[in-house]
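J.:
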Amino acid sequence: MKILVIHGPNLNLLGTREADIYGSQTLEEINASLKKLSADLGVDIDIIQSNHEGEIVDFIQKSDSFHALLINPAAYTHTSIAIRDAIAAVKIPAVEIHLSNIHQREEFRQKSLIAPVAHGQISGFGPESYLLGLRAAASIAHAKKGSS
Ligand code: DQA
């Protein structure tokens, strides 16, 4: 069972970036927690981070060996038809996550172009959003594998 974790733009700056909103954990720390949980859940994870929309599209297009995607599209959540179309094209279930609760923030952040093609969305639990998202992705992946 394999899950691809995708971190979008500026998430490489976690820890120092707007810590009042995104918290003080670095991306490395979040990734370490994800790896630990993945071992407990019995799933393999690959983790990538990119600041480039087209590169994220390329990763999604090449993700056919994965059973689920866990994605924080960051700012592309609100702008990227290309990432939305890539998720729809590959037909791999995707869990969309956000550290902050995007629905409580500026109006431009309240709309997700990704949500309609995601299996579900987890938003507002800080780094815990990633761990909740991984549990959700593992459970969807298990269900998908069981039915194929
Ligand atoms: C974010 C929310 C986005 O609006 C923002 O552009 C981000 C991070 C979050 O995890 O809360 O970069 O996806």
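According to numbering that gives the first Met the number 0, the stretch in the sequence shown is residues 0 to 147, in order. Glycine included, every Cβ here is placed at the ideal spot set by N, Cα and C.
1. Is the number of C-beta pairs between the segment 34 to 46 and the segment 107 to 122 that are closer than 8 angstroms three or more?
2. Among Gly-125, Arg-83, His-141, whose alpha-carbon lies nearest the alpha-carbon of Glu-28?
3. What does the alpha-carbon distance come out to for the pair Asn-11 and Lys-144?
4. Between the C-alpha atoms of Arg-83 and His-118, what's the straight-line distance to the nearest angstrom?
5. Using a Cβ-based criterion (distance less than 7 angstroms to any ligand heavy atom), does Thr-78 qualify as near the ligand DQA?
6. Quick one: grab the DSSP three-state call for Asp-63.
7. Given 7 angstroms as the limit, tell me if Lys-98 has its C-beta closer than that to any heavy atom belonging to the ligand DQA.
8. Beta-carbon within less than 8 angstroms of Ser-49's beta-carbon, same chain only, minus the 5 sequence neighbours each way: which residues are those?
9. Find out if the Cβ-Cβ distance for the pair Ala-136, Leu-69 is shorter than 8 angstroms.
10. Do Ala-85 and Gln-60 have their C-beta atoms closer together than 8 angstroms?
11. Hey, quick one: how far does the alpha helix (DSSP H) through Lys-34 stretch, first residue to last?
12. Where does Pro-72 land, buried or exposed, given buried means 16+ other C-beta within 10 angstroms?
T.: With the structure as the only source:
1. no
2. Gly-125
3. 32 angstroms
4. 12 angstroms
5. no
6. coil
7. Position check: residue 98 holds Leu in this sequence, whereas Lys was assumed. Answer for Leu-98: yes, Cβ within range of the ligand DQA.
8. Ile-5, His-6, Gly-7, Pro-8, Ile-55, Phe-58
9. yes
10. yes
11. 26 to 40
12. buried
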